[in-house]
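S.K.:
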Amino acid sequence: MDLLVVGAGLYGLTVAEQAAQSGLDVVVIDRRDHLGGNAYSSVDEATGIEVHRYGSHIFHTSNERVWQYVRRFTAFTDYRHRVFSTHAGTVYPLPINLGTLNQFFHAAMGPAAAQALIAEQAAQAGVDAESAANLEDKAVALIGRPLYEAFIRGYTHKQWQTDPRELPASVIARLPVRYTYDNRYFSDTYEGLPAHGYGPWLEAMASHPRIDVRLGVDFFDPTQPFSKDRVRGQAPIVYTGPVDRYFDHSAGPLAWRTLDLETQTLPVRDFQGTSVMNYPDLDVPYTRIHEFRHFHPEREDRHAQDRTVIAREFSRPAGPDDEPYYPVSTPADRERLRQYRELAEDEPGVHFGGRLGSYLYLDMHMAIASALQFWGQGAVTAGTGLRSAR
Ligand code: FAD
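Converting from the sequence shown to my numbering requires adding 9 to each position, the first position being numbered 1.
(1) Does the beta carbon of Asn-47 fall short of 7 Å from some heavy atom of the ligand FAD?
(2) Leaving out the 5 sequence neighbours to the left and right, which residues in its chain are closer than 7 Å to Asp-290 when beta-carbon positions are compared?
(3) Could you give the first and the last residue of the continuous alpha helix (DSSP H) run that contains Asp-53?
(4) Using a threshold of 8 Å, state whether the C-beta atoms of Ala-17 and Val-240 are closer than that.
(5) By alpha-carbon positions, which one of Ala-117, Gln-124, Val-359 and Leu-13 ends up nearest to Phe-256?
(6) Using only the alpha-carbon positions, how far apart do Met-286 and Tyr-157 sit?
(7) Leaving out the 5 sequence neighbours to the left and right, which residues in its chain are closer than 8 Å to Ala-117 when beta-carbon positions are compared?
(8) Comparing C-alpha positions only, which one of Arg-325, Asp-279 and Asp-292 sits nearest to His-303?
(9) Please state the DSSP three-state secondary structure of Phe-301.
(10) Provide the residue(s) that pair with Val-60 in DSSP beta bridges, ordered along the chain.
(11) For Met-214, which residues from the same chain have a beta carbon less than 6 Å from its beta carbon, with the 5 sequence-adjacent residues on both sides left out?
(12) For Phe-85 and Gly-64, I'd like the C-alpha separation in whole angstroms.
(13) Within 10 Å of its beta-carbon, does Gln-314 have 16 or more other beta-carbons around it, so buried, or fewer, so exposed?
(14) Check whether the Cβ of Gly-108 sits closer than 7 Å to any heavy atom of the ligand FAD, and report yes or no.
(15) Enumerated in chain order, which unbroken segments of the beta strand (DSSP E) with a length of 3 residues or greater are wholly contained in the stretch 208-257?
(16) How about Gly-108 and Asn-192: are their beta carbons less than 8 Å apart?
(17) In chain order, what residues of the same chain lie with their CB nearer than 6 Å to the CB of Arg-396, ignoring the 5 residues before and after it?
(18) Could you name the residues that DSSP lists as bridge partners for Gly-201?
(19) For the candidate residues Ile-319, Glu-139 and Ser-338, whose alpha-carbon lies nearest to that of Pro-326?
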C-alpha cells in the first residue's frame, strides 16, 4: 500500500482515483457499508425509484475542470433543480423571484416596481445590514419584514432549533431576490444528475485495479489492519473523517447540525408534483419534503405507477453518535478549529481533507475540486513514503 484514504466520499474517491492513475496502490476504507459518503443513493426495489439516502443531492458546477473530470465516470441528465415553498396554505416558487413577489403581494409588478418595493420595505426596518446584531435584523434589513416572516424566520428557526434573533448575523451573507421569473435553484453553468444513479458513478471512480476498497472499516478500530494505530507513521494517509475525532477531541468537540430523514412509501403515484417542497411555517415540524421520483422523469417507465417515495427532513444539533451534516461554526468552534489545524500541521504524513476533515460545508463539486487541487500539488508520489502527504 502506497496510500491509505480514510473515507470513500467524493473527496476520498477523487484522491484515490488520481493516486491510482499515477501508479500508486491505494487502500480506501469507510466505516459505512457503501461508497460515496453523503452523496450515496440506492434504488428502492419495491418502486424502482432512486432514493438519496442522506437527502437530495443535485450535481452542479461552473468549474470546467471538475465538469470534465466527473464526466469520465458518468453521463448527466439535464435535470434542473427548482424548489417550492408552502407558506400559510399557499405554494410559492423559490428562490424569491418576481413570481414569488407578485403572488405574495397580490400584485403584477415589473422588475423596477418590485425592486422599489423591497428597497422600501428594507428601509422601513430601520436597521443597517452591515451592523445588524443578529440574523433577524440582517434579514429584515435585506428583504423587509413581510418576506422575512413568511419565508425565512420559521425555516431558519427549525433548521437551527434557535430563534433567529439569537443567531449571529453572519449565518446569512446575503438573501438574493431575483427580479425576473427565473426560479432555477442553482445558477451554475452545468447541472444534472448522474444518468445511471450515484451508485454506478461512485463505483466507476473506485474501479481502478490499484484501488482496494474496504467498507465497514473504522479507522479508529484498533483491531483492524488499516487503523490509525497501525498505519500512522507507516504510510501516507489522506483523512476525510472529522478532524476533532482524529485528535480525540483534545481541543473540544466541533459542533454540527444533523438531519433526520423519515422516508416513507405512499400509495399514490405523485405526492407533491415536484422534487423538493420547503415548509417554512413553525406549525409544521419538518423543514422540507423530498419526493425522489421527480429527479428522474426520464425513468417513469421504470417507476412504480401506484406508489411514490418521499422523505420528510427534520433538522437538529448533532449528538456524538449522529452523522455530522452542516458545521455550526460558532466563534468557539472556530477557535477549536484553529487549534486542530495547528495539530494537523504537525501530524506527519497525514493530509486532512473533505468537509469533515476541514470543517467546512462543501458541495460535491467543491469537494472534488479541492481533492484535484490537493493531488495536483504533487503531494504523494510512489516510493516517497511518508514525507509529504499534505
Ligand atoms: P463525505 O461525503 O462526508 O465523506 C466522508 C466519509 O468519511 C464518509 O463516508 C464517512 O463515513 C467516512 N468516515 C468518517 N469517519 C471515518 C472513520 N473513522 N473511518 C472510516 N471512514 C470514516 N452537494 C451538492 O453538490 N449538491 C447537493 O444537492 C448537496 N446536497 C446535500 C444535502 C445534504 C443534506 C448534505 C449534508 C450535503 C449535501 N451536499 C450536496 C454536499 C455533499 O454531500 C458533500 O459535499 C460531499 O459529499 C462531500 O464529500 P466528502 O468526501 O468531503 O465527505
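Just so it is clear, CB atoms sit at the ideal spot from N, CA and C, and this is done for glycine as well.
M.R.: Taking the coordinates as given:
(1) yes
(2) His-96, Ala-97 and Gly-163
(3) Note, Asp-53: premise wrong, no alpha helix (DSSP H); beta strand (DSSP E) at 50-53.
(4) no
(5) Val-359
(6) 18 Å
(7) Asn-111
(8) Asp-279
(9) helix
(10) Ser-51
(11) Leu-22, Glu-26 and Phe-82
(12) 19 Å
(13) exposed
(14) no
(15) 220-224 and 246-248
(16) yes
(17) Summary for Arg-396: the model assigns pLDDT 40, below 50, so the residue's position carries little reliability; its value from the coordinates is reported in the next sentence. Around Arg-396: no qualifying Cβ.
(18) Phe-68
(19) Ser-338
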